[in-house]
Each structure stands twice: as structure tokens, then as C-alpha cells.
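One point on numbering: in UniProt numbering, the residue at position 240 of the sequence shown is 240, and numbering is uninterrupted. These notes are about the structure you will find just below.
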Amino acid sequence: MKLAIDELDINSFRTFTSAPAANTPRALKPTPSTGVRVVAGHGGAGPQAFFLWYTHAQTRQRKLAIMGQSVPQDSSPALAEKLWTHPDPASTPMWQFIQRVNARRGLALAGYPDLYRWSVEHVADFWRETWDFVGIVASKEADEVLPKDAPMYPRPDFFGTARLNFAENLLFPPTSTPLDPSATAVFTTTELPGDLRTTSWAELREAVRRCAAALRAAGLRPHDVVAGYVSNHVEALVAMLAAASLGAVWTGISPDNGVSAVLDRLRQMAPKVLFADNGTVYNGKAWPSTAKTDEIVAALQPTGLQTVVVINNVEADLGLPGLAAHGVRAVDYAAFLDTAPTDATLEFAQLPASHPLYVLYSSGTTGLPKAIVHTALGTLLQHKKEHVLHCSLTPASRMLYYTTTSWMMWHWSVGALAAGATLVLYSGSPFRPHAHLSLPRVLSDLRVTHFGTSAAYLTALEAGNVRPVQDKTLDLSRLEAIYSTASPLPPSTFKFVYEAFPKTVNLASITGGTDIISLFGAPCPLLPVRVGEIQCAGLGMAIRVVDSATGVEVAPGEPGDLVCVRPFPCQPLTFFGPGGEAKYKAAYFERFEDVCGIRGTVWHHGDFVKIPDPSTGALLMLGRSDGVLKPAGVRFGSAEIYNILTRFFAADIEDAVCVGRRRETDMDETVCLFVVPTEGGVFTEELQGRIKAKIRAELSPRHVPGVVAAAGGGIPKTGNGKKIEVAVKQILSGINVKTNASVANPESLEWFREWAETN
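See below:
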């Protein structure tokens, strides 16, 4: 085969074959200016094919060469239907970034594929350029970005000698034109009609000053933990920024979570200060949470909780005397801020780049949720890259993400302040008070430019045939982007969004996660939106797809496990608590090693995906490759359900398995709980009802399984007694699973096959 070769990417040379490893190539030699010679290995059977990337000598386009049996050179997957392209890509920050990099580095990057490739092949140079372009406020800049040839594990320290403060970057973003202190920084609103508060930049800074001074007076120090049992409102934002300004660690949990779910997380953290709402508003009703907070405080006081600040969020009792009876200082939010000395200045502790900022939690699939520690600079730099470059946020932008404070997207969305954008913080039902038009009306009234939500919300609009753009009372003309995450967006919904909202919006199905507090799959203003596809891999995120069993990189468009093979700044610092480093390594770096031409371990993310076009990293999400549950995009683990059964149903339930089910025809995942009654017991509708009610009360309505049934064939387990959740999940989802020798009771899987066929 003769190819017009100018540059050959040797590292991209891969074999994809079902034949033995002996079929790997012995030699790969580019001939001078004429082509490539591939000498295949000997032995093995079955079709062999090899692929590599090369740069065409004349066109400078990066192309894929496929060589092997019955694979034509010009073969390429059919492109999905195009729905959108940017009307003026040259006006975007992404394009301006390309021109800047070309000028400073002497390059000729022509578009996103070129930029992406450069970003993952020149990691340190890319992140240096990103720091300079997006603007990071730091009292000291780093001597180097990261050590040469730094591995992914142990975690490399990006910009290790820099000194900065996360809160300072959000409150005083280095915009090209100084922000007007009287301009609105935050809107806080709920589902209740007329419930709207505005907070200017000056007011936000003053509130953070007072809150930080009060926290300092309460004895808070760097590395102490501040927890929030709070809704998505400006008080939560102020508490987080105040904690960050002092170098404390923030961890947030939404008050729709029950006591068990909260304590599973906060007992690990032993917070010194707790901010807690006295209740929440949802679906037209105020839900007091004072009683739950009382239980939480009683359990946390022995672990070191000293101060509880209650936010008057609904018309309900604050419960201060009862909280104080547990031996803590209990004060309402307004009074707490009043304790700040009037002469206290707004100060920002200058901290290392890897200083801990946030703790988020894993889903708890294999036990207690793991407490994932994220760093100040890793979070800040990654979010600014995504907001400024991928999302085109500016000080003229307004961001509303429908989220709770538990979700990673809360942390992602509030980071928009660092771009000078205005936040719209919303709490309550997305369908009150104007049914399916409730959130679109907020978008219209507040002139939102960037709207984020879950795939479940958009599919609900589709199911209801609700097209906000047709409502003449709504003005969605400022809407530039819609972001969908938490679960894959169905292809039909991609098309529907362009019927229901302005056709000018950049619809971006995005993916990443709690683990990286950001995105692997991102929006891109320089690429089209295609049906069913995540537009691109984020800059600097060197993602690949490998065979789940062997770790061999699969061919373009073939399914496999998502891995990342180059370091990135928002890798977690560690897991909090005893044994945290070992848990961190086990979670991400023990599955795949020496794959994709990379020496050492690589990041295993747990997503099952396809990448039809490796030049951009466009993704097709196929689901999770583990047992994590994500109904309506709400991510949690089976262990949380098992814990409730153990605590409250030990006399009724002997064993159980809890998995998610999503077939090709399903719009969302259904949580299915199968139980084995204790000896002599019987599974009844009454027991089913009690299980659902207790899960709702102790965890949240989102945790309640859609199916609770008796497992007639028992619970499938390995020889060492471990539940085989993934196989059950795959069977229920219509995937053909072969029973292997590791299954101690294969008849149980047969029962699930029969159940799946009839239900």
C-alpha cells in the first residue's frame, strides 16, 4: 500500500483482531516520502487488520490508514446526521486560542482535530498555553507545568510550585474588561412564583468576606472540613467560597437525601462546621428538614462537629435549641454573618496548586461511598478550559444548570463565575408552576445563555411533545447552548431539541463524572452536532477505547472501556481517610497497564463507549461498565440499597441484588431490586411496599427501585461469594451473557434470563 505520508504517528499503530497475540506486527517502517510498509507477525488464525494515523503530505489532513484483510484503504464509518454548526466559528474563544497557540509555538493547527491531537501529545505545553489564555490569578506562577515524562500514577502535580486561591479566582476573575461591581453575579430562584433574588458582585464579595471572617473566628483553619446540607442557593455558594478562601475543604449534600445517606458520607469527613437548610421547596410544598438535621448533628458531634449554621430556607422552625442540646454551637445564617468583625478584610490564603478544595462521593457500589478529594488548581484550570474554550462563556453569559449541591454539575456550574459569567441558581421541581414550561420560562425571564440539565428532563419534554420555542410568551433568543448529561441522550431527543428550542443552540451531550469533577466528552464550537454523538473529547484528555478483557485498543467505532492515557490536572488528589491512597489506586489504576503504547498504568473510567472518529474523540455512550446505578441520571450504588435492607429488613430478607436495566428501547434506566426472603418467609406486596417506603425515607425518592421482586433462582455469586451484578444487569438489558466457570450457581442467571424475557 502506498500512502502520501508527511508525518506518521507510530504511537497510534494498533492491531485489532480476535487472533492470538502472535499476530502483532514485527515491523513498522515508513519509507522515505512514499508510504508505509507493514510486516505482519506469524501464526494465529482469523482476519487481521492494522490501523494507524498519518498526516497527508499535500493536504496536511490527519487520516486513518486501515490495512489488512478485506478492509479497503478509504473505508470510513458513515457519519451521523448533522444537526448544527456554529454560524461564525472564527468569533469563538476556541478559534482565538488556536491562533494564539500557532503564533506562540510556530504551529499550523487548522482546526479542532489538529488542536486536540497537539493537546494530548504535548501535555505540558498545552496546559501552559491554557493557563495563560483563560487567565489564572496566582500570587506565584509555577516554574514548570509538570515533570518530564510524568506518569498518570502516582498523580503528577501540575504547576506544583504555584500559589493561588480558588475563591479569589471566582470572585475576582481576570476579565479583559473589569467587572462592574454593581452588575448581577447571581440570581437565586425557585419554583415558587415571584421567588427571585439578585446578588451583585459587590454583594457576593461582601457576603463571602463576612462568612469567612465568622468561620475564622469560629476556629476554622486550612484543611478543616466544612459541610453543606443545603439546596442550590446563594447562601450555599457563599459558604463554599468562604471555606475555600481560608483553605478549608467543602463537601456538599442535598437536603433531599435521608439521614442514612448523609451519615454514610459525612461520618467519614468529620466536619468542623455544618451549614444546613431548615427545609426545601419541591413540587409545590415546603419540606422541613429540621428533624433530619437533628439526627445528623447528634451523630456528627462526637466526630468533631462544633458549629451548625441553619439557613432559613422555608417557613419552618430552625430547631436551634434542639441542635444546641447535642453540644454544638447552633446559630442561624444571618446571625452567624453578623459575628464577623467589621474591620475584617476579605483575604485569600495563598495555597499550593494541589491543596484540597472539594470532596465528592462515589456511588457506594462496593461499600460506603468513597470520598474523592479534588484540588484547587485542578478544578479551576479544568473548568476554565471547559467554560471558556469549549462553552464560549464570557462575562455576558448567564449559566443555569438544573442540579443539586450533591451533584458534580453544581461544582462545575458555579465555576462559571471564574469566566465572569452570571449564575442562575435554581432549586425545586423542573415542572412547577407551569408544568413542562416551568424551566423554559426561567430561561426566558432571566435571559439565560447556557442551560444545563439531565437527559431525563429533555426526554420528558419529548414524551410530552412540549416545544417551548412555539410559545409566543417565551423569548429564548439569547439561548446559545443546552447541555445534557447524567445519562446518554437518545438519538430521537437530539432531533427533538432542535424542534423544541432555537435551532441556533449548541446541543451538547456531555460526559465525565464525579471522579474527575469535569468532562471527558465535551462541547465544541468548531465541530458539528451529530445525532447521538458527544461532539468531542475535551482538550488535553487523551481518551482511548480498549477491549474490556484484554486492554487492547479496539478499532474505531467498536465498543469498549474508556481509558485516559495521559495525565490531566483534575485527577483526584486521593481518597479521604485511612487507606485512601490504596483505594484511589484500586479505583482507577489497577485495571489496565501498559496499553495503547503507554508504559505504566492508565486511568480506567468505567464507561462503555464507542469512538467513531478518533481524530476528534467524538463519543457514543453505551452505559456503565460497572454496577453503578443511574436512573434519570442520578448516580448511586447498590450498596446504599443493601445497607437499608440490612438495617431494616434483616428479619425479612436474606439476600438481594440491585442493578440498573436499560434496553435499547428504554428511554431511561430502571432500578431493579431482587430479594431472597429469609427461610420460611414469603415475599408479599406488603413487604414490597415497606421496602420502597423505607428506601424513600432513608435515602431519597430517586433511590426507590422501579422493580422490587423476589429472585426465584437466588442471587448469582462467584466462588468466593461476591455478587455478580454486572452479568445480571447485562441480562436484564438484553445483552447475551455467557455463563462462565466463575459463577457458583449458574442456575440463578438462567432464572434472570427467563424473567427478562417475560418482563
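Cβ coordinates follow ideal geometry from the N, Cα and C atoms, glycine included.
Would you mind working out which of the options sits nearest residue i, comparing C-alpha positions?
i: L146; options: P369, P567, V634, I695; result: P567
i: V676; options: L687, E669, V609, D668; result: L687
i: S397; options: L380, V424, T375, M409; result: V424
i: D88; options: E679, L527, F636, S548; result: L527
i: R478; options: Y112, T504, R467, K140; result: T504
i: T345; options: E558, A334, R205; result: R205
i: G577; options: M269, K148, T601, P93; result: M269
i: L519; options: L461, S492, H411; result: H411
i: V101; options: T92, R265, L115; result: L115
i: H355; options: P491, R216, A421, F166; result: F166
i: I735; options: R702, T665, K694; result: T665
i: H604; options: G633, L629, I644, G560; result: G560
i: T485; options: L749, C570, G633; result: G633
i: F496; options: T184, I510, E480, L461; result: L461
i: E480; options: T85, A78, L79, A80; result: T85
i: T251; options: V225, A242, N257, C672; result: V225
i: P271; options: G284, I296, H122, A286; result: I296
i: P705; options: T684, G680, E669, V737; result: E669
i: R702; options: A218, L79, A185, D256; result: D256
i: R591; options: R105, G714, L573, S548; result: S548
i: V469; options: R441, G452, M408, F494; result: R441
i: S625; options: L619, D607, A639, F636; result: D607
i: G580; options: H374, A243, H326, A727; result: H374
Roughly how many whole angstroms lie between the Cα atoms of residue i and residue j?
i: D74; j: I611; result: Note that D74 has pLDDT 39, beneath the 50 cutoff, so the model's placement of it is unreliable and the number below is only indicative. Whole-angstrom Cα-Cα distance: 18 Å.
i: Q382; j: T646; result: 40 Å
i: S289; j: D277; result: 7 Å
i: L474; j: K583; result: 49 Å
i: P614; j: A138; result: 35 Å
i: P113; j: I253; result: 39 Å
i: P156; j: L360; result: 20 Å
i: R62; j: L109; result: Caution is warranted here: a pLDDT of 41 is assigned to R62, below 50, making its placement in the model unreliable, and the coordinate value is therefore given only provisionally. One C-alpha to the other measures close to 11 Å.
i: C524; j: M152; result: 26 Å
i: A4; j: Y642; result: Interpretation of A4 is limited by its pLDDT of 40, a score under 50 that renders its predicted location unreliable; the figure taken from the coordinates is listed afterwards. Taking the straight line joining both Cα atoms gives about 59 Å.
i: R303; j: L357; result: One point to set straight first is that residue 303 is Thr, not Arg, in the sequence displayed. Spanning the two alpha carbons is a distance of roughly 21 Å.
i: V554; j: C536; result: 18 Å
i: I731; j: S363; result: 22 Å
i: V388; j: P93; result: 7 Å
i: P313; j: A291; result: Note that residue 313 corresponds to Asn in the displayed sequence, not to Pro. If I take the Cα positions, the gap works out to 15 Å.
i: P181; j: T199; result: 10 Å
i: S454; j: T307; result: 35 Å
i: G654; j: V682; result: In the sequence as presented, Gly is not what sits at residue 654; that position holds Glu. Approximately 11 Å, taken between the alpha carbons.
i: K694; j: I644; result: 8 Å
i: H450; j: M621; result: 23 Å
i: L458; j: S438; result: 13 Å
i: T758; j: M667; result: 19 Å
i: E191; j: K140; result: 44 Å
i: H122; j: A376; result: 23 Å
i: F674; j: K370; result: 25 Å
i: Q99; j: G111; result: 10 Å
i: W287; j: G319; result: 14 Å
i: S509; j: R753; result: 32 Å
i: A456; j: T342; result: 47 Å
i: R661; j: S733; result: 5 Å
i: W755; j: E315; result: 48 Å
i: S231; j: T404; result: 6 Å
i: R210; j: A340; result: 5 Å
Less than 8 Å between the CB atoms is what I'm expecting for residue i and residue j, so what's the real figure, rounded?
i: L305; j: L274; result: 6 Å
i: I691; j: V708; result: 6 Å
i: P617; j: I543; result: The sequence as given places Gly at residue 617; Pro does not occur at that position. Contact flag correct, Cβ pair sits at about 6 Å.
i: W201; j: L179; result: 6 Å
i: M409; j: Y401; result: 5 Å
i: L83; j: R530; result: 7 Å
i: T189; j: Y426; result: 6 Å
Does the Cβ of residue i lie closer than 8 Å to at least one heavy atom of the ligand SAH?
i: T85; result: In the structure shown, the ligand SAH is absent, as is every other ligand, since no ligand is present at all.
Does the structure place the segment 373 to 391 close enough to the segment 130 to 145 that three or more beta carbon pairs sit under 8 Å? yes
Between the segment 232 to 239 and the segment 258 to 265, do three or more beta carbon pairs fall short of 8 Å? no
Jot down the residue ranges of each uninterrupted beta strand (DSSP E) in the segment 157 to 190, minimum 3 residues, whole runs only, in chain order. 184 to 190
Mind listing, in chain order, the continuous alpha helix (DSSP H) runs of no fewer than 4 residues lying wholly within the segment 653 to 701? 685 to 698
Contained alpha helix (DSSP H) runs [length at least 4] in the segment 321 to 360, N- to C-terminal order: 333 to 338
Identify every run of the alpha helix (DSSP H) within the segment 459 to 546, keeping only runs that are complete inside it and at least 4 residues long; order them along the chain. 491 to 500
Can you list the beta strand (DSSP E) stretches of 3 or more residues lying completely in the segment 277 to 301, in chain order? 279 to 282, 285 to 288
Taking only runs that begin and end inside the segment 544 to 609, name each unbroken beta strand (DSSP E) of 3 or more residues, in chain order. 560 to 564
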